[in-house]
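K.L.:
Quick one: this structure, given as C-alpha cells, is what I'll be asking you about.
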C-alpha cells in the first residue's frame, strides 16, 4: 500500500487503524501523521463514552463529544483522501505531540 492509501485506511474503523499501523513499516511520515490523528479521535470518543456514565451530566457530554469526534473524523478523512497533512481543529496539534512515537 502507498502512504496515501494507508492514511485513508487508518480512518476506517479500529481494524483499519490497526492494519495501517502494522503495514507502516518502514515508517512513513504521511501514514504516521494520520495514525496519530485517528488515535486521538478514537480516544476522544472513548472518553466521551466513559463520561456518559455520569448521571445527567453524561446526557449532555456524550452527544457533544460524539458529534465533535465525528466532525473531526470527517475532517481527518478528507485530509487523508487529499493526501495532505491538515491537523484536525483544536486538538490535532496535541495528538501529534502526545503520540509522536507512532
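In our numbering, the protein residues as written are 400 to 501. Beta carbons are placed, not taken as given, at the ideal position from N, Cα and C, and that holds for glycine.
Verify whether the separation of the beta carbon atoms of residue 494 and residue 405 is less than 8 Å.
P.N.:
No.
K.L.:
Are the Cβ atoms of residue 468 and residue 460 separated by less than 8 Å?
P.N.:
The answer is no: Cβ separation not under 8 Å.
K.L.:
In angstroms, rounded to a whole number, what distance separates the CA positions of residue 427 and residue 442?
P.N.:
Taking the straight line joining both Cα atoms gives about 22 Å.
K.L.:
Counting only runs that start and end within the stretch 412-466, where is the alpha helix (DSSP H) found for 4 or more residues in a row?
P.N.:
Qualifying alpha helix (DSSP H) stretches, in chain order: 412-422, 428-450.
K.L.:
Check residue 482 in the structure and name its three-state DSSP category.
P.N.:
Coil at residue 482, not helix or strand.
K.L.:
Out of 501, 483, 475, point me to the one whose CA is closest to residue 491's CA.
P.N.:
When only C-alpha atoms are compared, the closest one is 475.
K.L.:
Grouping DSSP H, G and I as helix and E and B as strand, with all else coil, what is residue 406?
P.N.:
Three-state DSSP puts residue 406 in a helix.
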